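Visitor:
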Amino acid sequence: MNLLWANKAVLMALAFVAGVCGSVQAQEQKVGAPPEAQNMRLVGYSDLQARSAYQPTIHHQGDRYIAYIGHHGGTPEVPKPVNPLTGQPEFNGTSIVDVTDPAHPRYLKHIPGTPGNYEEGGAQMTRVCDGKTLPKGDPNKTYLLRVFGGKGHQIFDVTDPSKPQLIWQSPNELKDTHKSWWECDTGIAYLVSGVPGWRVNRMTEVYDMSDPAHPVKLRDFGLPGQEPGAIGPVPEQLHGMISLGPHGNRIYFGYGTNKGGMMQIVDREKLLHGPKEPTPENLRYPEIGRLTMTPWNGAHTAFPMPKMPIAEFAKDKEGSQRDIVMIVDEQIRNECEEPRQMAWFVDVTIEAHPMVISNFQVPEASGNFCSRGGRFGTHASNESLAPVFYKKLAFLSYFNAGVRTVDVRDPYHPKEVGYFIPSITSATDKRCVKVNGQDRCKVAIQTNNVETDDRGYIYIVDRANTGMHILELTGEARAAAGLN
Amino acid sequence: MLSLWQTKLRAGLVILSLAAVSIAAGGTAIMHVHAPAMSETTAVWSQEAWPFPIDQWGMGQAFGCSGGPCGAGLHLYLRAKIGFCRCATGVSDDDEIDRVGDTELLGSKYAPLAPGHSVDAGVLTGRARVFKVERAFRSALPVLTVALANRCDAVVATVISDSDVLPKQEQMAVDFLRSDLVQRWADTNTGSN
Numbered sequence: 211m212n213l214l215w216a217n218k219a220v221l222m223a224l225a226f227v228a229g230v231c232g233s234v235q236a237q238e239q240k241v242g243a244p245p246e247a248q249n250m251r252l253v254g255y256s257d258l259q260a261r262s263a264y265q266p267t268i269h270h271q272g273d274r275y276i277a278y279i280g281h282h283g284g285t286p287e288v289p290k291p292v293n294p295l296t297g298q299p300e301f302n303g304t305s306i307v308d309v310t311d312p313a314h315p316r317y318l319k320h321i322p323g324t325p326g327n328y329e330e331g332g333a334q335m336t337r338v339c340d341g342k343t344l345p346k347g348d349p350n351k352t353y354l355l356r357v358f359g360g361k362g363h364q365i366f367d368v369t370d371p372s373k374p375q376l377i378w379q380s381p382n383e384l385k386d387t388h389k390s391w392w393e394c395d396t397g398i399a400y401l402v403s404g405v406p407g408w409r410v411n412r413m414t415e416v417y418d419m420s421d422p423a424h425p426v427k428l429r430d431f432g433l434p435g436q437e438p439g440a441i442g443p444v445p446e447q448l449h450g451m452i453s454l455g456p457h458g459n460r461i462y463f464g465y466g467t468n469k470g471g472m473m474q475i476v477d478r479e480k481l482l483h484g485p486k487e488p489t490p491e492n493l494r495y496p497e498i499g500r501l502t503m504t505p506w507n508g509a510h511t512a513f514p515m516p517k518m519p520i521a522e523f524a525k526d527k528e529g530s531q532r533d534i535v536m537i538v539d540e541q542i543r544n545e546c547e548e549p550r551q552m553a554w555f556v557d558v559t560i561e562a563h564p565m566v567i568s569n570f571q572v573p574e575a576s577g578n579f580c581s582r583g584g585r586f587g588t589h590a591s592n593e594s595l596a597p598v599f600y601k602k603l604a605f606l607s608y609f610n611a612g613v614r615t616v617d618v619r620d621p622y623h624p625k626e627v628g629y630f631i632p633s634i635t636s637a638t639d640k641r642c643v644k645v646n647g648q649d650r651c652k653v654a655i656q657t658n659n660v661e662t663d664d665r666g667y668i669y670i671v672d673r674a675n676t677g678m679h680i681l682e683l684t685g686e687a688r689a690a691a692g693l694n
Numbered sequence: 190m191l192s193l194w195q196t197k198l199r200a201g202l203v204i205l206s207l208a209a210v211s212i213a214a215g216g217t218a219i220m221h222v223h224a225p226a227m228s229e230t231t232a233v234w235s236q237e238a239w240p241f242p243i244d245q246w247g248m249g250q251a252f253g254c255s256g257g258p259c260g261a262g263l264h265l266y267l268r269a270k271i272g273f274c275r276c277a278t279g280v281s282d283d284d285e286i287d288r289v290g291d292t293e294l295l296g297s298k299y300a301p302l303a304p305g306h307s308v309d310a311g312v313l314t315g316r317a318r319v320f321k322v323e324r325a326f327r328s329a330l331p332v333l334t335v336a337l338a339n340r341c342d343a344v345v346a347t348v349i350s351d352s353d354v355l356p357k358q359e360q361m362a363v364d365f366l367r368s369d370l371v372q373r374w375a376d377t378n379t380g381s382n
């Protein structure tokens, strides 16, 4: 061997690494390029002051429709974006937007959140209830429940959404918070919290918030092994839950985000009225069933769709109607640097033995999404139970693949009927991966969350600061929902 | 002393092995440690095969040190857990060691032997704690779990000894985590937004 051969070996090795790691330059988004869409159309847009957005809640408030959007923290470059309404830099918190006319959304108010960039700060979660439905609420008022960064929970009087008034804040500093659920008809709230002493950063605090000015804590809840004083392995922490209220008497909890996933079915009455001391036995008591997923996937959202008639089973003497839960994983890492996250459809009719029956995913090659930049994979679904879409169409936020509209009427064979990938703007933030120790960044849409209203509009928000797009269905997708 | 061409050839082979194992491990770059020379005063680590079944965190890096100050044998298992840390506070208490640590690799029945304590290793900060892992038909195994954070990412080291995990062994393990080799690996693989 000689020096020339050795040099060639180094060059060949570097070329091999570059070939593997560099991948193809494929369909990266460009500012000014049009959106990509099928059976979905852009109706309106708000830039949300270029704040990274998480959970939107659309509330029919009197004769208006108001969107409450939770935000992640800022970026190292812009930790406190300027609020044009006040002229002041403000830590990302909650945007309040009047979407009564979806073609012309009107930004009303920004409530600042906590300091901290990305998931360190902000106020990610929003839920809204009217006082007239809450058992002890003021019937003339509307209330916003939000998280205050990871530190706590807050309730605002948003009767006048332009002038929110803080009326309650959780008493103790928490380790973390996330996507809670508030039953507007009973006032019971399931708060994703990190109570000090518990072995995870996210578990459940159950509150009676029927009087939003005076919430009463009922109990803590989590998986056995997460409680204070336990030893041994710590079960994967909570992400969020959805309750079917006293009528359905079930709560579906999703644990894990992108790994160690588990969906737990809980008897609501047993949770609320069972023994409250956090012992392993008491924590097990309300559980009806659970689905342990492959550890490569997590359960970000567990969306229940009970009593779905299955056309194919219509002539079957038993089992023609099934209880379904759609589990949506969250992709965490950029540019496909982890196992693919997707939506799983689970038959929970026999609750003690849930079983995955199908999945939905977007083919990577349909847009070369692993090469576009940022995350590719599912994050969340719409959570509205309004009849316009419920048990007919589901909407999945899919990061750089935008929002995907899925026909779920046959959950054994979910089928995509539409999608919308918004254009990027000059505000869209970069997303980076490490290549040979250096950051290599790309700019791509990162559709983070999605929600719908009872009129049939779809609201998608962007994690990479692009704002909120208000959409409507066209063509086959519109027909599937039964809309004119 | 290696000649220039030998050095370049070795560099090329290291890059090739890095690329090959990166593909197998789903893109996580791997470290390469050359066969060590024995020393009576300095711990010398060599790379070993990852001995555990694959799980959601993928294959990690395994290292061994024997002879000299390492005694009968010291083994360190290292993994990155991307996005698993609390971004704001990192590994700031013993609950977080329990949550992010890899003690479970050695067995599912374990308990801490003592409270943890702070550890820093270059860009990484966190805590270390000694556990006792129960084993069937054998005495319990002492395990040192070191859980460190680089922004939102965790770097977890699990250390076992053929005898016991004493403060001297812990110091050698932490020194290894502070080495250029581990620091470069951590910088390359963790800490992105």
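Chains as they are written, first to last, in my numbering: chain L, 211 to 694; chain A, 190 to 382.
All C-beta atoms, glycine included, are put in the ideal place defined by N, C-alpha and C.
These numbers were taken from a predicted model, which means no experiment stands behind them.
Which residues, in order along the stretch 315-346 of chain L, keep a beta-carbon less than 7 Å from a beta-carbon of chain A?
Guide: Within the stretch 315-346 of chain L, the qualifying residues are Gly-326, Tyr-328, Glu-329, Glu-330.
Visitor: Does any residue of chain A have a CB that is nearer than 7 Å to the CB of Pro-505(L)?
Guide: Yes, contact with chain A.
Visitor: So, under 8 Å CB-CB, Phe-579(L) and Ser-568(L) are touching, yes? Tell me the CB distance rounded to an integer number of Å.
Guide: Not really, about 21 Å apart at Cβ, beyond 8 Å.
Visitor: Go through its chain and collect everything with a Cβ distance to Gln-237(L)'s Cβ below 8 Å, but skip five positions before and after it.
Guide: Correct list, in chain order: Gly-577, Asn-578, Ser-581, Arg-582.
Visitor: Using only alpha-carbon positions, find the residue among Glu-497(L), Pro-488(L), Glu-330(L), Gln-447(L) that is nearest to Arg-340(A).
Guide: Nearest option by C-alpha distance: Glu-330(L).
Visitor: With DSSP collapsed to three states, give me the class of Ala-689(L).
Guide: Three-state DSSP puts Ala-689(L) in a helix.
Visitor: Just checking: is the beta-carbon of Cys-274(A) within a distance shorter than 7 Å of some beta-carbon in chain L?
Guide: Chain L, which has no Cβ nearer than 7 Å to the Cβ of Cys-274(A), makes this no.
Visitor: According to DSSP, is Glu-682(L) helix, strand or coil?
Guide: Glu-682(L): strand per DSSP, three-state reduction.
Visitor: Hey, quick one: how far does the beta strand (DSSP E) through Arg-251(L) stretch, first residue to last?
Guide: 250-256 is the span of the beta strand (DSSP E), which, as asked, contains Arg-251(L).
Visitor: From the DSSP output, in three-state form, read off Ile-634(L) for me.
Guide: Ile-634(L): coil per DSSP, three-state reduction.
Visitor: Checking contacts by CB at 7 Å: is Pro-445(L) closer than that to chain A?
Guide: Not closer than 7 Å to any Cβ of chain A, the Cβ of Pro-445(L) fails to qualify, so no.
Visitor: Near Val-566(L), what residues of its chain come up, given a Cβ to Cβ distance below 6 Å and the 5 sequence neighbours on each side ignored?
Guide: Hits under 6 Å: Trp-554, Val-556.
Visitor: Closer than 8 Å, Cβ to Cβ, to anything on chain L: give me those residues from the stretch 297-326 of chain A, in chain order.
Guide: Residues passing the 8 Å Cβ filter: Ser-297, Lys-298, Tyr-299, Ala-300, Pro-301.
Visitor: Taking Ile-365(L) as the reference, give the member of Thr-615(L), Leu-482(L), Ile-377(L) with the closest Cα.
Guide: That would be Ile-377(L), whose Cα lies nearest to the Cα of Ile-365(L).
Visitor: Consider the Cβ of Arg-543(L): report whether some Cβ of chain A lies at a distance smaller than 7 Å.
Guide: It does; some Cβ of chain A falls within 7 Å.
Visitor: Is there a Cβ from chain L that is less than 7 Å from the Cβ of Ile-243(A)?
Guide: Chain L, which has no Cβ nearer than 7 Å to the Cβ of Ile-243(A), makes this no.
Visitor: Could you work out which residues of chain L lie near Asn-339(A), taking near to mean beta carbons separated by less than 8 Å?
Guide: Within chain L, no residue comes near Asn-339(A); the closest Cβ sits about 11 Å away, beyond 8 Å.
Visitor: Who pairs with Ser-328(A) in a beta bridge, going by DSSP?
Guide: Beta-bridge pairing links Ser-328(A) to no other residue.
Visitor: At which residues does the alpha helix (DSSP H) containing Phe-523(L) begin and terminate?
Guide: No alpha helix (DSSP H) holds Phe-523(L); DSSP gives it neither H nor E.
Visitor: Straight-line CA distance for Thr-379(A) to His-270(L)?
Guide: One C-alpha to the other measures close to 44 Å.
Visitor: Looking only at C-alpha atoms, which of Pro-381(L), Leu-683(L), Asp-477(L), Val-535(L) sits nearest to Arg-665(L)?
Guide: Closest option to Arg-665(L), Cα to Cα, is Leu-683(L).
Visitor: Hey, how far is the Cα of Ser-390(L) from the Cα of Gly-257(A)?
Guide: If I take the Cα positions, the gap works out to 55 Å.
Visitor: By DSSP, does Tyr-600(L) sit in helix, in strand, or in coil?
Guide: Tyr-600(L): coil per DSSP, three-state reduction.
Visitor: Examine chain L for any beta-carbon lying closer than 7 Å to the beta-carbon of Ile-349(A), and answer yes or no.
Guide: Taking Cβ atoms only, chain L never reaches closer than 7 Å to Ile-349(A), which makes this a no.
Visitor: I'd like to know if the stretch 300-316 of chain A and the stretch 423-431 of chain L are in contact, where contact means that at least 3 CB-CB pairs between them fall below 8 Å.
Guide: The stretch 300-316 of chain A vs the stretch 423-431 of chain L: no contact.
Visitor: Report back the beta-carbon spacing between Ile-452(L) and Glu-561(L) to the nearest angstrom; my notes put them in contact at under 8 Å.
Guide: Their Cβ separation, rounded to whole angstroms, is 15 Å, which puts Ile-452(L) and Glu-561(L) out of contact at 8 Å.
Visitor: Which same chain residues, not among the five before or five after Asp-418(L), have their C-beta less than 7 Å away from its C-beta?
Guide: If we look at Asp-418(L) and ignore the five residues flanking it on each side, its Cβ neighbours are Gly-397, Ile-398, Pro-425, Val-426, Leu-428.
Visitor: For Phe-365(A), count neighbouring C-beta atoms within 10 Å of its own C-beta (all shown protein chains included) and say buried if the count is 16 or more, exposed if not.
Guide: Phe-365(A) comes out buried.
Visitor: Classify Glu-279(L) as buried or exposed, calling it buried when 16 or more other Cβ atoms lie within 10 Å of its own Cβ.
Guide: Reading off the sequence shown, one finds Ile at residue 279(L), where the question assumed Glu. By the 10 Å Cβ count, Ile-279(L) comes out buried.
Visitor: From what residue to what residue does the beta strand (DSSP E) around Asn-658(L) run?
Guide: Counting along the chain, the beta strand (DSSP E) containing Asn-658(L) begins and ends at 657-662.
Visitor: Using a C-beta to C-beta distance shorter than 8 Å, which residues of chain L count as neighbours of Thr-377(A)?
Guide: In chain order: Lys-644, Asn-646, Gly-647.
Visitor: Quick check on DSSP: helix, strand or coil for Asp-533(L)?
Guide: In the structure shown, Asp-533(L) sits in a strand (DSSP, three-state: E or B).
Visitor: For Glu-293(A) and chain L, any beta-carbon pair shorter than 7 Å?
Guide: Interface residue, yes.
Visitor: When you compare only the Cα positions, how much space is there between His-679(L) and Asn-658(L)?
Guide: About 12 Å.
Visitor: Sort Thr-285(L), Val-572(L), Leu-603(L) by Cα distance to Ala-689(L) and report the nearest one.
Guide: Ranking the options by Cα distance to Ala-689(L), first place goes to Leu-603(L).
Visitor: Give me the DSSP bridge partner(s) of Arg-316(A).
Guide: Arg-316(A) pairs with Ser-307(A), Ala-336(A).
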